[in-house]
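Remarks on the structure that follows.
In the working numbering, the protein residues as written are 32 to 181.
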């Protein structure tokens, strides 16, 4: 009996369990693909969120470095708000990440918000081509010694 005849014979079988393993394997493989999709696309979202936070924090740090050089001569440390916001926006433009920078209401901190998109692999099969995440960075403006240290 050749292989093709054996397959035909199995397909005509009157056994009630014929083909049940095939259904089990198909359902199991579907579950494994969904699990792989969660791992791959979930990891991409986490990496994008870390990138968004990292860029926002660095842009806030760049803004915090914008001290007014004229005020330093007199011993005062003041922040040039226009230069600070411009420094943050230049950093965002350099990295290619869209975002915004602004001072807090009391003027003691610079807040930077960013938006990053991550392409999906498995979710693209169901119509979700990208995941969008936001990042936040804050630089608190302090000068001098603010606490004890060792």
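Quick reminder that beta carbons are idealized off the backbone N, C-alpha and C, glycines included. Computed from a predicted model, the values in this text were never measured in an experiment.
For this session: Could you tell me how far apart the beta carbons of residue 130 and residue 144 are, in whole angstroms, since I believe they sit closer than 8 Å?
Result: Contact between residue 130 and residue 144 is confirmed by a C-beta separation of about 6 Å, below the 8 Å threshold.
Problem set entry | Nearest-angstrom Cβ-Cβ length linking residue 119 and residue 91, presumed shorter than 8 Å | Confirmed, about 6 Å.
For this session: Evaluate residue 53 with the Cβ neighbour count: other Cβ atoms within 10 Å of its Cβ, from every protein chain shown; 16 or more gives buried, anything less gives exposed.
Result: In this structure residue 53 is exposed. Its beta-carbon is surrounded by fewer than 16 other beta-carbon atoms within 10 angstroms.
Exercise. What is the DSSP secondary structure of residue 58, counted as helix, strand or coil?
Worked result: Of the three classes helix, strand and coil, the one that applies to residue 58 here is helix, per DSSP.
For this session: Going by CA-CA distance only, name the one from 157, 146, 111 that's closest to residue 82.
Result: Nearest of 157, 146, 111 to residue 82, Cα basis: 146.
For this session: Assuming residue 151 contacts residue 164 (C-beta within less than 8 Å), just tell me the rounded distance between them.
Result: Contact between residue 151 and residue 164 does not hold, since the beta-carbon distance rounds to 12 Å and is not under 8 Å.
Exercise. Given that a residue counts as buried once 16 or more other Cβ atoms are within 10 Å of its Cβ, and exposed if not, what is residue 138?
Worked result: Exposed.
Exercise. Around the Cβ of residue 154, are there at least 16 other Cβ atoms within 10 angstroms (buried) or fewer (exposed)?
Worked result: Around the beta carbon of residue 154, 16 or more other beta carbons sit within 10 angstroms, so the residue counts as buried.
Exercise. Would residue 171 be called buried (16 or more neighbouring beta carbons within 10 Å of its own) or exposed?
Worked result: Around the beta carbon of residue 171, fewer than 16 other beta carbons lie within 10 angstroms, which makes this residue exposed.
Exercise. If you draw a straight line from the C-alpha of residue 219 to the C-alpha of residue 89, how long is it?
Worked result: Nothing can be reported for residue 219, as the shown portion of the chain is limited to 32 through 181.
For this session: Whole angstroms is fine: what's the gap from residue 74's alpha carbon to residue 122's?
Result: Between residue 74 and residue 122, the C-alpha separation is close to 26 Å.
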